[in-house]
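Student:
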Amino acid sequence: MRKMVPDPPHSLDSTQALQDTLVQSSEYVLCALFVARQSVQLKPTAPSSVVMQAVIHEMEAVQGLVESALMQLQMQAHLPAEPYTLH
126 MRKMVPDPPH SLDSTQALQD TLVQSSEYVL CALFVARQSV QLKPTAPSSV VMQAVIHEME
186 AVQGLVESAL MQLQMQAHLP AEPYTLH
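Read left to right, the sequence shown gives residues 126 to 212 (the numbering used here).
What follows is the structure in structure tokens.
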């Protein structure tokens, strides 16, 4: 006998998908920081090095935000699903 309603498509847990996206974003930020730092080291007196230093500063802020979001997500996964009382 055939099923009238098909099974829903298999999908990742949304929390896991978000965590994967944040990890990948963090890796992209690290690569961008490396490239910007290399650019400043190769030509420290170039006029563009001031702009690259600003880019480094902003990317470090982004890296901090991404890592903070990732930690919050990981901590949230360890919390109990429902609040409980100790009495």
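Here a beta-carbon is modelled for each residue, glycine too, at the ideal position from N, C-alpha and C. Every value quoted in this text rests on a predicted model; they were computed, and no experiment measured them.
Looking only at its own chain, which residues have a Cβ that is under 6 Å from the Cβ of Leu158, when we skip the five neighbours before and after it?
Tutor: Result list for Leu158: Met184, in chain order.
Student: Whole angstroms are fine: how far does the CA of Asp132 sit from the CA of Gln188?
Tutor: Roughly 39 Å between the two C-alpha positions.
Student: Using 10 angstroms around the beta-carbon of Val160, count the other beta-carbons present and answer buried if the total reaches 16, otherwise exposed.
Tutor: So Val160 counts as exposed.
Student: As a quick exercise: from His203, Leu198, Leu204, pick the residue whose alpha carbon is nearest that of Gln144.
Tutor: Looking at the Cα atoms, Leu198 is the closest of the given residues.
Student: Determine the burial state of Met177: buried for a count of at least 16 other Cβ atoms within 10 Å of its Cβ, exposed for fewer.
Tutor: Met177 comes out buried.
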